[in-house]
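No gaps in the numbering here: position 311 of the sequence shown is 310 in numbering that gives the first Met the number 0, and each next residue is one more.
The next block holds one structure in the form of structure tokens; read it before the comments.
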Amino acid sequence: MPAITELDLPSFDYTDQSLRGEGYREAMRALEGQGWIVSGPLGFLVLDREAGEFFLRTKSAVFPGLTIAELFGIDDGPLREEIEGNVINVNGDDHRRLRNLVNPALSPRAADRHRPAMRGFLEQLLGALPADGRCEFVEAFAKPYPSLSIAHVLGAPLEDAPRLHEWSNWIQRQFDAASLVSERARIERAVVEAYAYLDELLERRRADPGPDVISDLLAAEDAGDRLSHAEVRDLVLDLILGGIDTAQSQLSHTVRLLAEHPDQWAALRERPDELAPAAVEEALRHEPVTPFTARITVEPVEYRGVTFPPGTVVMVSAWHANREGAGEDFDITADRGKARILTFGAGIHYCVGANLARAELQEAIAFLARRLEAVELDGAPRYGTITGIYGMDALPLRLTRA
């Protein structure tokens, strides 16, 4: 059985910083028909859903966070502590224990109780937009909305939302090699600041619990087992990291797609309650903000007649997997059946905050559909890079109120 390194494969540089917007989409389309796997600068990229799910689910591969830390000499200090405590880097029985304790606090029912507050933030943000409806949507709407929502969900003061956003933005850069080289000290400082803030916030919530996730986590118990202070702090920081930049980026792309497809916006306007969840799912499928999810093999893996030696990095392309059997069209009314999307991952490390993210996005899209007659581009969108979280740097819009 040949090793993956012995095969002559097409190549694709997913670290290319110029891959943005239509150029990125053209490059991804060009990979179709190239087979199920291609080589890249850091490892290999799998292009179909079945292979993607296999590598996301196998116990023989893990998220390479600790490997990245070792490569960059992050052997101790607050950033190393955060990396080790991040639930995506915890595996086996420890991971199973954490998920059993945290899942009830982040269930669909638990997420639903925060929807009224989300609607209040949406009202506030729409009311602050200029009367002529011209705005840069990312800065005016998509950026503050998830920060306010996460602050509410955690039971943190709403005035602290900008600080949560800043910490999320900086600490997320641990997944970007260039930032680790040039901005590691700033990333470390963000971890120190976030930990100090959360230590104080946890003590306040412990003394005065409320209907928030931190209070739920502090009270969580499974067969007599409870979360330690450090575990709660790390899980809360995981929610900040995973719930702000990602929601900001996915909301921006969703609204951009609707602005680019006026027929889809018109259909949504007619049936906002019915089609808002469908619009969110279609945007998650069509433009995943986590286009590549990494795994590294910890033992030999045999798949499709090929051996993947220990230490092989495998990237899973959600972009390709999500389109399999569904095509390129963005259509919120299409029946996509029960085909799984890989935007939130798969297996034991399926995104812990997926229910909360869906609630945020659904509320935002339904709210905008009820309040706005038209959503139109008011200039060229500016796209971020596809490394890490694939976001938008700017989305100029003209919003016509109903």
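Glycine included, C-beta positions come from ideal geometry on N, C-alpha and C.
Burial state of P115 (16 or more Cβ within 10 Å): exposed
Three-pair Cβ contact test at 8 Å for the segment 112-130 versus the segment 320-334: no
is_contact[F53, chain C] using C-beta, thresh 8 Å: No chain C appears in this structure, which consists of one protein chain only.
Simplified DSSP state of S403, which is helix, strand or coil: Summary: the structure shown does not reach residue 403, with the chain confined to residues 0 through 401, and so no result is reported for it.
Residue ranges of each alpha helix (DSSP H) within the segment 162-248, 4 or longer: Within the segment 162-248, the complete alpha helix (DSSP H) runs of at least 4 residues are 176-181, 183-206, 212-218, 228-242.
Cβ shell of G378 (< 7 Å), same chain only, five flanking positions each side left out: P395
Touch test, the segment 148-163 against the segment 65-72, Cβ-Cβ under 8 Å, three pairs minimum: no
Burial state of Q422 (16 or more Cβ within 10 Å): Given that the chain is displayed from residue 0 to residue 401, the structure contains no residue 422 and the question cannot be resolved.
Residue from E21, G22, I36 whose Cα sits closest to the Cα of D7: Proximity to D7 across E21, G22, I36 peaks at I36, based on C-alpha coordinates.
Rounded straight-line distance, which links the Cα of T384 to that of S17: 7 Å
Buried versus exposed call for K58 [16 or more other C-beta atoms within 10 Å across all chains shown]: exposed
Residues near T399 by beta carbon distance below 7 Å, same chain, minus five either side: G132, L371, E372, A373
Buried versus exposed call for D215 [16 or more other C-beta atoms within 10 Å across all chains shown]: buried
Three-state secondary structure assigned by DSSP to D74: coil
One or two residues paired with R381 in a DSSP bridge: Per DSSP, A393.
Reduced DSSP category for T289 - H, G, I as helix; E, B as strand; rest coil: coil
R112 versus C134: straight-line alpha-carbon distance, rounded: 30 Å
Proximity of G352 and G241 at Cβ, strictly below 8 Å: yes
Opposing strand residues paired with S402 [DSSP bridges]: As shown, the chain starts at 0 and ends at 401. That puts residue 402 outside it, with no answer to give.
A317 beta carbon less than 8 Å from that of P290: yes
Rounded straight-line distance, which links the Cα of D75 to that of I295: 22 Å
For A109 and P299, the rounded distance between their alpha carbons: Answer to the nearest angstrom: the Cα atoms are 40 Å apart.
Extent of the continuous alpha helix (DSSP H) run through A373: Counting along the chain, A373 falls outside any alpha helix (DSSP H), though it belongs to the beta strand (DSSP E) covering 371-376.
Cβ-based neighbour list, L367, same chain, cut-off 6 Å, excluding 5 preceding and 5 following: There are no such residues.
Where the beta strand (DSSP E) through E138 begins and ends: Counting along the chain, E138 falls outside any beta strand (DSSP E), and DSSP gives it neither H nor E.
Beta-carbon spacing of V279, Q361 below 8 Å: yes
Assumed close pair T306, I3 - CB separation to whole angstroms, cut-off 8 Å: 7 Å
S227 versus A130 - alpha carbon distance: 49 Å
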